[in-house]
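What follows is one structure encoded as structure tokens, with my remarks underneath.
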Amino acid sequence: MNELARYLRVFATFARNSLIRDMTFRTNFVLQCVSSLGWTAMNVGFYLIIFEHTGSIGEGTGWDRERFFLFIATTWFINSLVQTFFMPNAQEFSELIRTGGLDFALLKPIDTQFLISFHKVDWSQLSNFFAGGLIAVVSLWQLGTREVDPMVPTFGSVILYLIFLACGVLMMYSLMICLSATSVWLGRNQSLYNFWFYITNFSRYPMEIYNRGWGRPLFGFFTFVVPILLVVNVPARILARPLTPRADWEWTLVMWAAVVTLISLFASRWLFRRSLLSYRSASS
Amino acid sequence: MSSAATEVDYPPLPSPSISQQVGVWWMILKTSLGERLVYRGDFALGTLMRFMPIITQIFLWYAVYDAIGAAEGDDATEIAGFRFRDMVAYYLLTMIARAFSSMPGLASGIAKQIREGEIKRYLIQPVDFIAFLLLTRVAHKLAYYAIAVAPFALVFYLCRDYFVLGWPPLHVFVAFCGSLIMGFLIGFFLEATIGMIGFWFLDVSSLLFVLMLFSFFLSGHMFPLTMLPESIEAVVTFLPFKYLAFFPAAVFLGKVPEEDLPMELAIEAAWLTFFVVLSRFAYGRGVKRYSGFGG
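Residue numbers (the numbering used here), protein chains in the order written: chain A, 1 to 284; chain B, 1001 to 1295.
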């Protein structure tokens, strides 16, 4: 317990220092928020245009406008948390390896993975979390008050939603740790961010759309091998539809997401420690 | 620069002959080409990866068309004049258009050279700054195409069924090539002009990011501009951003009526001239403001 409190205190210091840094360059901070929000607005505009032409994403999938925007909000929650807390650190990690700066991290009397993954917080990215909140509130309101098939999520589904939202963030975190661990072997991993973007791109839409023709292998791969399709889909499905009745496969999917979260956390931890063993300092 | 020369009475530089000038340009081109070809493996892989978001787009649009009516078949559903297969072909073609018109690091590079005083070099040496940048960029693009042609060919071969009409007639194809080349030049001079803002403001990176976002949306990289609501579409199609992605793709797919092609290309050329003049003007004004210290 004492140990946990110590880690929490260290994390609070990291968060405070990052905030102080951000507040030193306040105009830059505001501009960064504005540009993230601009990106969000553009995406929302794109989806609104799509829904000008169609009633739902996919025939009979039930992803109509309000529900799909709940999906988008979920994506935004998860991505903004990842980009606030993990992305700046992962980007720095490959640089630490190249320059040999990792030596200093290894010497500190604290868990290396903790130090590497949390020491920087990009507070400006959190603006998208609030944008996601706004999207969620608006679409929940519209979903609850619309004429056809209105729906208000129950307390139970909100609790489950929050749990699996956290699972989604943890899955993304594990994936990111795995990706950055590879930079120990590759020496340099500049395309990490690109690769991250291209992979997570698959998670941004309802998984049903991949379930046809040559999409099935992709569907299987991204559900069972690199489970990024579960990250947004599982929590979004929980919130967007009543908890009962649900098909058996949906509950299986939810259970699988919980199991996968644990597996990927342990797997990424293992991979990270393995990669540290292969680290050869670059300095002196 | 010219004003500085009139104030102080230096002996005039001998103006270089045409062959000397061409020699200098050739050297710049060759150097940048060599510089670029060093990282070819990384390049090819990176290009192939760039097509991955298209996979998501294919499935997303199939789902959308499927929900409205039929995605395939003889009476397939149309959205804003695009059937499902046209839509996929559109995204693939915008990749080509962006390969011409995108200028990674150009504007920020100019701003950096201004900020760090590197630009002094071009004020002293008998090399024109904008011409130098253009030639380096041409070399970078040539090197890029030399390597990217393989992944592009592979992807287009795999996706050939999405091009329902096959190759367009020759004159349309010529117009397509023309729009690509002008797209490259518009992209270059537009970004160069933006980079010149660095003469007035020290840090332009955030401003650049906002402009990039706009150009991403308004160029039609995200979706065909004809999908926009009519009132917005009228404004957006008037702006020059569409030449960076939407226009070449629309030409290739025959979405621009053939009798309008010459006029459309003429308007594009007019925009190009506008940005050439604007970048020259901004550079001239900027250099007058600029003061370099140290060496």
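For every residue, glycine included, the Cβ atom is placed at its ideal position computed from N, Cα and C.
As the structure is a computational prediction, the values presented were derived from the model and not from experiment.
Return helix, strand or coil for residue i, following the three-state DSSP convention.
{"i": "B/Ile-1058", "result": "helix"}
{"i": "B/Phe-1082", "result": "strand"}
{"i": "A/Asp-64", "result": "strand"}
{"i": "B/Ser-1231", "result": "helix"}
{"i": "A/Ser-56", "result": "strand"}
{"i": "B/Ser-1291", "result": "coil"}
{"i": "A/Ser-284", "result": "For A/Ser-284, the predicted structure reports a pLDDT of 48, less than 50, and the residue's modelled location is therefore unreliable. A value from the coordinates is still provided. Here A/Ser-284 sits in coil by DSSP."}
{"i": "A/Trp-76", "result": "helix"}
{"i": "B/Val-992", "result": "As displayed, chain B neither begins before 1001 nor continues past 1295, which places residue 992 of chain B out of reach and without an answer."}
{"i": "A/Cys-167", "result": "helix"}
{"i": "A/Ser-139", "result": "helix"}
{"i": "B/Phe-1173", "result": "helix"}
{"i": "B/His-1140", "result": "helix"}
{"i": "B/Ala-1070", "result": "coil"}
{"i": "A/Ala-247", "result": "coil"}
{"i": "B/Glu-1035", "result": "helix"}
{"i": "B/Arg-1280", "result": "helix"}
{"i": "A/Cys-178", "result": "helix"}
{"i": "A/Ile-263", "result": "helix"}
{"i": "A/Lys-108", "result": "coil"}
{"i": "B/Ser-1017", "result": "coil"}
{"i": "A/Val-158", "result": "helix"}
{"i": "A/Asn-287", "result": "Because residue 287 of chain A is not part of the residues shown, which for chain A are 1 to 284, the question remains open."}
{"i": "B/Val-1024", "result": "helix"}
{"i": "A/Glu-147", "result": "coil"}
{"i": "A/Thr-223", "result": "helix"}
Cβ of residue i within 7 angstroms of Cβ of residue j?
{"i": "B/Ala-1107", "j": "B/Ile-1194", "result": "yes"}
{"i": "B/Val-1256", "j": "B/Glu-1264", "result": "yes"}
{"i": "B/Phe-1209", "j": "A/Ser-35", "result": "yes"}
{"i": "A/Met-207", "j": "A/Val-82", "result": "no"}
{"i": "B/Pro-1229", "j": "B/Tyr-1090", "result": "no"}
{"i": "B/Leu-1037", "j": "B/Ala-1153", "result": "no"}
{"i": "A/Ile-78", "j": "A/Gly-220", "result": "no"}
{"i": "A/Val-232", "j": "A/Thr-40", "result": "no"}
{"i": "B/Leu-1048", "j": "B/Pro-1151", "result": "yes"}
{"i": "B/Ser-1279", "j": "B/Phe-1184", "result": "no"}
{"i": "B/Val-1204", "j": "B/Ala-1111", "result": "yes"}
{"i": "A/Ser-275", "j": "A/Val-184", "result": "yes"}
{"i": "A/Pro-153", "j": "A/Asp-122", "result": "no"}
{"i": "A/Ser-264", "j": "A/Asp-103", "result": "no"}
{"i": "A/Ala-136", "j": "A/Leu-37", "result": "no"}
{"i": "A/Ser-268", "j": "A/Ile-199", "result": "no"}
{"i": "B/Val-1251", "j": "B/Phe-1176", "result": "yes"}
{"i": "A/Leu-70", "j": "A/Leu-239", "result": "yes"}
{"i": "B/Ala-1076", "j": "B/Tyr-1062", "result": "no"}
{"i": "B/Tyr-1290", "j": "B/Phe-1199", "result": "yes"}
{"i": "B/Ile-1067", "j": "A/Gly-215", "result": "Sequence inspection shows Ala at residue 1067 of chain B; the Ile mentioned does not correspond to that position. For B/Ala-1067 and A/Gly-215, no; Cβs fall outside 7 angstroms."}
{"i": "B/Ala-1249", "j": "B/Thr-1056", "result": "no"}
{"i": "A/Phe-46", "j": "B/Met-1222", "result": "yes"}
Please list, in chain order, the chain B residues whose beta carbon lies closer than 8 angstroms to that of residue i.
{"i": "A/Phe-195", "result": "Met-1049"}
{"i": "A/Met-172", "result": "Simply none; closest approach about 17 angstroms."}
{"i": "A/Met-23", "result": "Near A/Met-23 there are no residues of chain B at all, since even the closest Cβ is about 16 angstroms away, more than 8 angstroms."}
{"i": "A/Gly-215", "result": "Phe-1059"}
Under 8 angstroms between beta-carbons, which chain A residues line up against residue i? List them in chain order, please.
{"i": "B/Thr-1056", "result": "Asn-201, Phe-202, Arg-204, Tyr-205"}
{"i": "B/Leu-1060", "result": "Ile-57, Tyr-205, Ile-209"}
{"i": "B/Leu-1228", "result": "Ile-49"}
Strictly below 7 angstroms CB to CB, what residues from chain B border residue i?
{"i": "A/Trp-39", "result": "Leu-1213"}
{"i": "A/Ile-135", "result": "Ordered by position in chain B, no residue passes the 7 angstroms Cβ test against A/Ile-135, which lies about 18 angstroms from the chain."}
Mind pulling the chain A residues with CB within less than 7 angstroms of residue i?
{"i": "B/Phe-1223", "result": "Phe-46, Ile-49"}
{"i": "B/Ser-1206", "result": "Asn-28, Leu-31, Gln-32, Ser-35"}
{"i": "B/Met-1052", "result": "Tyr-198, Asn-201"}
{"i": "B/Ala-1234", "result": "In chain order: nothing, as chain A lies at least about 15 angstroms away."}
{"i": "B/Phe-1152", "result": "The contacting residues do not exist; B/Phe-1152 stays about 17 angstroms from chain A at best."}
{"i": "B/Ala-1063", "result": "Ile-57, Gly-58, Ile-209"}
So which residues on chain A does residue i lean against when the C-beta distance must stay under 9 angstroms?
{"i": "B/Val-1210", "result": "Leu-31, Val-34, Ser-35, Gly-38"}
Quick one: list the residues of chain B neighbouring residue i, beta-carbon separation under 9 angstroms, in chain order.
{"i": "A/Met-42", "result": "Leu-1213, Phe-1214, Phe-1216, Phe-1217, Met-1222"}
Length at least 3, wholly inside the segment 1241 to 1268 of chain B: the beta strand (DSSP E) runs in chain order: With a minimum length of 3 residues, no continuous beta strand (DSSP E) run stays inside the segment 1241 to 1268 of chain B.
Any alpha helix (DSSP H) of 4 or more consecutive residues that is wholly inside the segment 1082 to 1125 of chain B: As summarised for the segment 1082 to 1125 of chain B, the continuous alpha helix (DSSP H) elements at least 4 residues long and confined to that stretch are 1084 to 1101, 1106 to 1115, 1120 to 1124, given in chain order.
Near-chain A residues of the segment 1160 to 1172 of chain B (beta-carbon distance less than 7 angstroms), N- to C-terminal order: Taken residue by residue, none of the segment 1160 to 1172 of chain B has a beta-carbon sitting less than 7 angstroms from a beta-carbon on chain A.
Within 7 angstroms of chain B by C-beta, residues of the segment 45 to 77 of chain A in sequence order: Of all residues in the segment 45 to 77 of chain A, only Phe-46, Ile-49, Ile-50, His-53, Thr-54, Gly-55, Ser-56, Ile-57, Gly-58, Glu-59 place a beta-carbon less than 7 angstroms from a beta-carbon of chain B.
Members of the segment 1065 to 1084 of chain B near chain A, C-beta cut-off 7 angstroms: For the segment 1065 to 1084 of chain B, which is checked against every Cβ of chain A, the residues closer than 7 angstroms are Asp-1066, Ala-1067, Ile-1068, Ile-1079.
The segment 1091 to 1125 of chain B: positions lying closer than 7 angstroms to chain A by Cβ: Within the segment 1091 to 1125 of chain B, not one residue has a Cβ closer than 7 angstroms to any Cβ of chain A.
Contact set between the segment 106 to 127 of chain A and chain B, restricted to residues whose Cβ is under 7 angstroms from the partner: Within the segment 106 to 127 of chain A, no residue has its Cβ closer than 7 angstroms to any Cβ of chain B.
Entirely enclosed alpha helix (DSSP H) segments - the segment 1185 to 1219 of chain B, minimum 4 residues: Correct list: 1205 to 1218.
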